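Enquirer: What follows is a structure written as structure tokens; I'll ask about it next.
Number of protein chains: 2
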Amino acid sequence: MSIHSFYENAPKHLVAVDCIIFGFEDGKLKLLIMKRKVDPMAGAWSLVGGFVQDNESTDEAAARVLKQTTGMDHIYMDQLHTYGDVNRDTGARVISVTYYALIRIKEHDRILANDHGAHWLSLHQIPPLIFDHSVMLQHALDKLRDKAHTYPVGFELLPEKFTLPQLRNLYEEIYQRELDKRNFRKKILAMNILEKLDEKDKSSSKKGAHLYKFDEAKYEQLMKTGFGFTM
Amino acid sequence: MSIHSFYENAPKHLVAVDCIIFGFEDGKLKLLIMKRKVDPMAGAWSLVGGFVQDNESTDEAAARVLKQTTGMDHIYMDQLHTYGDVNRDTGARVISVTYYALIRIKEHDRILANDHGAHWLSLHQIPPLIFDHSVMLQHALDKLRDKAHTYPVGFELLPEKFTLPQLRNLYEEIYQRELDKRNFRKKILAMNILEKLDEKDKSSSKKGAHLYKFDEAKYEQLMKTGFGFTM
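Chains as they are written, first to last, in the working numbering: chain V, 1 to 231; chain L, 1 to 231.
This is the structure in structure tokens:
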């Protein structure tokens with residue numbers, strides 16, 4: 001077969017990126033979603049996404065979508081999965097690559113998000129999403145939880161200095177269940193990735209709670225090896 | 001924007017699947033690769049792959065490619081990653097979704113594979129592969145090793161009954177390094193997923209080595225929870 005017919009005879013497809021953008025605010029894990037503007041299903045809720053253009057990689061498309069909706073740049077996005085069922089989008093065949101990002105809600109551009117019809121909703125307020133977007137969200141949550149078993153995750157969501165109750169709150173939001181205070185404290189300190197600061201946060205009690213920050217070097221090391229089983 | 005212009009104005013792309021097919025034979029972890037038939041780079045080695053057609057999902061395309069090359073059906077394939085750089089294929093822009101499979105080489109159709117120009121090569125014999133296929137392979141290996149830290153993997157590659165030396169050999173091939181015999185034995189038995197059989201394999205010594213098989217129920221449970229850190 002000639003090079004011409006090899007590439008020319010193959011069918012082409014619309015390819016989209018859909019972004020699962022998590023943030024953490026007021027003790028709640030939140031997701032950025034938007035009202036879809038076009039039919040089919042105009043007005044329904046969807047993940048933030050867009051079509052991959054000719055001059056950009058799929059990674060670049062995801063970064064562009066994030067930037068257009070939040071104003072945020074240079075955010076690490078992890079590719080999750082590609083959804084390739086023939087009829088997943090009822091408007092046309094679209095193959096969709098999902099990405100997820102963890103961002104600090106405070107740092108995003110609220111006006112831009114608003115202009116795009118994008119809203120932060122806490123996890124238990126998420127309405128049904130269009131097409132397979134609810135499945136995409138579930139996969140992203142599973143991945144986040146799965147990763148939290150093996151790696152310390154979610155620190156991208158916290159301020160630089162944080163208390164142990166704040167950190168526990170974040171993990172409770174990721175797992176969507178209460179965690180035992182003492183057990184959590186014991187396990188997280190045993191990881192040996194936190195640096196106790198000589199400062200206290202007195203916003204929630206008179207006595208105050210110690211502030212911590214990450215020991216980046218130890219954190220990096222742990223991110224490489226995980227907590228898992230090693231032969 | 002109308003539904004028409006929304007979908008019609010978006011660019012379309014060639015989408016391929018590339019399959020990283022691992023097998024285990026004669027104590028070696030092997031990869032199925034083939035000689036490319038078309039330009040650019042006709043005659044160079046590549047992963048086994050093909051274009052996604054209009055009437056099939058990406059998963060179905062991967063299963064079709066596997067079936068066409070090995071004759072094998074109903075093999076579990078795990079999607080790995082989507083490679084979406086604009087210039088990754090020098091013939092045209094092609095977005096590629098990778099899948100990997102672990103199969104028993106004995107069970108594949110050698111004549112079919114031969115007809116397709118496909119060959120099993122052990123890992124340290126793999127020549128440079130076209131485009132980004134060497135990167136795809138490396139990612140698949142990293143994933144396999146990563147998974148082996150947290151889950152018992154690779155049992156799809158072994159016969160139903162196997163000895164501990166065979167299992168250690170498989171892990172040595174996955175990690176590409178020697179493992180301490182006693183330590184491996186201790187760790188693998190501690191997982192509590194093997195069932196010791198009342199049979200011995202006497203092919204490699206007079207005394208023989210005990211045969212084991214998997215306890216599927218315990219294995220399933222472990223696959224769900226992993227060995228990792230749990231809050």
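All C-beta atoms, glycine included, are put in the ideal place defined by N, C-alpha and C. In this text the structure is predicted, and so the values were computed from the model without any measurement.
Please give me, in chain order, every unbroken run of the beta strand (DSSP E) with length at least 3 that falls completely inside the stretch 95-132 of chain L.
Expert: If we require 3 residues or more, the beta strand (DSSP E) runs fully inside the stretch 95-132 of chain L come out as 118-122.
Enquirer: Just to confirm, are residue 20 of chain V and residue 118 of chain V a CB contact at a threshold of 7 Å?
Expert: As a first step, residue 20 of chain V must be located in the first sequence, where it is residue number 20. As a first step, residue 118 of chain V must be located in the first sequence, where it is residue number 118. Their beta carbons are not under 7 Å apart, which means residue 20 of chain V does not touch residue 118 of chain V by this criterion.
Enquirer: List, from N- to C-terminal side, the beta strand (DSSP E) runs of 3 residues or more that fit wholly inside the stretch 51-100 of chain L.
Expert: Runs found: 77-83.
Enquirer: Residue 48 of chain L by DSSP, collapsed to three states: which one?
Expert: Translated into positions along the second sequence, residue 48 of chain L becomes position 48. Residue state, collapsed to three classes: strand.
Enquirer: Over the uninterrupted beta strand (DSSP E) stretch that includes residue 195 of chain L, give me the two end residues.
Expert: Here the question's residue 195 of chain L lines up with position 195 in the second sequence. Taken as a continuous stretch (DSSP letters only), the beta strand (DSSP E) holding residue 195 of chain L covers 194-201.
Enquirer: Would a check of beta-carbon distances place residue 204 of chain V closer than 7 Å to chain L?
Expert: In the first sequence, the residue the question calls residue 204 of chain V occupies position 204. No - not a single Cβ of chain L is within 7 Å of the one on residue 204 of chain V.
Enquirer: Using CA atoms only, rank isn't needed, just tell me which of V:180, V:174, V:195 and V:145 is closest to residue 161 of chain V.
Expert: The residue given as residue 161 of chain V occupies position 161 in the first sequence. Taking only the C-alpha atoms, the option nearest residue 161 of chain V is V:195.
Enquirer: If contact is defined by three or more beta carbon pairs under 8 Å, each pair taking one atom from either stretch, is the stretch 104-122 of chain V in contact with the stretch 9-29 of chain L?
Expert: No, the stretch 9-29 of chain L is not in contact with the stretch 104-122 of chain V.
Enquirer: In three-state DSSP terms, what is residue 189 of chain V?
Expert: Within the first sequence, the letter at position 189 stands for residue 189 of chain V. If DSSP states are grouped into helix, strand and coil, residue 189 of chain V belongs with the helices.
Enquirer: Name the residues in the stretch 35-64 of chain V whose C-beta lies less than 8 Å from a C-beta of chain A; which are they?
Expert: Absent from the structure is chain A; the protein chains it does hold are V and L.
Enquirer: Cα separation between residue 98 of chain L and residue 199 of chain V?
Expert: For this step, residue 98 of chain L is matched to residue 98 along the second sequence. For this step, residue 199 of chain V is matched to residue 199 along the first sequence. So the alpha carbons of these two residues sit roughly 49 Å apart.
Enquirer: Flag residue 12 of chain L as yes if its beta-carbon sits less than 7 Å from any beta-carbon of chain V, otherwise no.
Expert: Start at 1 with the first residue of the second sequence, and residue 12 of chain L comes out as number 12. At least one chain V Cβ lies under 7 Å of residue 12 of chain L.
Enquirer: Less than 7 Å between CB atoms is the rule here; does residue 15 of chain L satisfy it with respect to chain V?
Expert: By one-based count along the second sequence, residue 15 of chain L stands at place 15. Closer than 7 Å: yes.
Enquirer: Let me know the secondary structure DSSP gives residue 229 of chain V once reduced to three states.
Expert: Locating residue 229 of chain V in the first sequence gives position 229, counting from the first residue. Any reading at residue 229 of chain V needs caution, since the residue's pLDDT is 41, under 50, leaving its predicted position unreliable; the model's value is listed next. Reduced to three states, the DSSP call for residue 229 of chain V is coil.
Enquirer: Check whether the Cβ of residue 33 of chain V lies closer than 7 Å to any Cβ atom in chain L.
Expert: Here residue 33 of chain V refers to the residue found at position 33 of the first sequence. No, its Cβ sits nowhere closer than 7 Å to a Cβ of chain L.
Enquirer: Count the other CB atoms within 10 Å of the CB of residue 133 of chain V; is the residue buried (16 or more) or exposed (fewer)?
Expert: In the first sequence, residue 133 of chain V corresponds to position 133, counting from 1. Counting Cβ neighbours within 10 Å, residue 133 of chain V comes out buried, since at least 16 surround it.
Enquirer: Per DSSP, residue 135 of chain V forms a beta bridge with which residues?
Expert: Counted from its first residue, the first sequence places residue 135 of chain V at position 135. According to DSSP, residue 135 of chain V bridges with nothing at all.
Enquirer: Can you tell me whether residue 76 of chain L is buried or exposed? The criterion is at least 16 other CB atoms within 10 Å of its CB, across all chains shown.
Expert: Indexing the second sequence from 1 puts residue 76 of chain L at position 76. Looking at its Cβ environment, which holds fewer than 16 other Cβ atoms inside 10 Å, residue 76 of chain L is exposed.
Enquirer: Who does residue 236 of chain V pair with in a DSSP beta bridge?
Expert: This structure cannot settle anything about residue 236 of chain V, because the visible part of chain V is limited to 1 through 231.
Enquirer: Quick one: which residues of the stretch 72-90 of chain L get their C-beta closer than 7 Å to a C-beta of chain V? List them in chain order.
Expert: The stretch 72-90 of chain L vs chain V, Cβ under 7 Å: 79, 81, 82, 84, 85 and 86.
Enquirer: Measure the C-alpha to C-alpha separation of residue 33 of chain V and residue 48 of chain V and round it to an integer number of angstroms.
Expert: Translated into the one-based positions of the first sequence, residue 33 of chain V becomes position 33. Translated into the one-based positions of the first sequence, residue 48 of chain V becomes position 48. Distance between the alpha carbons of residue 33 of chain V and residue 48 of chain V: 6 Å.
Enquirer: Name the residue from L:57, L:193, L:16 and L:61 whose alpha carbon lies nearest to the alpha carbon of residue 6 of chain V.
Expert: Taking the first sequence and counting its residues from 1, one reaches residue 6 of chain V at position 6. Measuring from the Cα of residue 6 of chain V, the nearest candidate turns out to be L:16.
Enquirer: Which residues in chain L have a C-beta closer than 8 Å to the C-beta of residue 92 of chain V? List them in chain order.
Expert: Reading the first sequence from its first residue, position 92 is the one you call residue 92 of chain V. In chain order: 7.
Enquirer: Spell out whether any CB of chain L is found under 7 Å from the CB atom of residue 97 of chain V.
Expert: Counted from its first residue, the first sequence places residue 97 of chain V at position 97. Closer than 7 Å to some Cβ of chain L, the Cβ of residue 97 of chain V qualifies, so yes.
Enquirer: Residues in its own chain within less than 7 Å of residue 201 of chain V by CB, not counting five upstream and five downstream?
Expert: Position 201 of the first sequence, counted from the start, is the residue given in the question as residue 201 of chain V. So the qualifying residues of the chain are 163, 208, 209 and 211.
Enquirer: So, is residue 182 of chain V buried or exposed, given that buried needs 16 or more other C-beta atoms within 10 angstroms?
Expert: Counted from its first residue, the first sequence places residue 182 of chain V at position 182. Its Cβ having fewer than 16 others within 10 Å, residue 182 of chain V is exposed.
Enquirer: Going by beta-carbon coordinates alone, are residue 179 of chain L and residue 172 of chain L separated by less than 7 Å?
Expert: In the second sequence, the residue the question calls residue 179 of chain L occupies position 179. In the second sequence, the residue the question calls residue 172 of chain L occupies position 172. Result yes, Cβ atoms of residue 179 of chain L and residue 172 of chain L sit closer than 7 Å.
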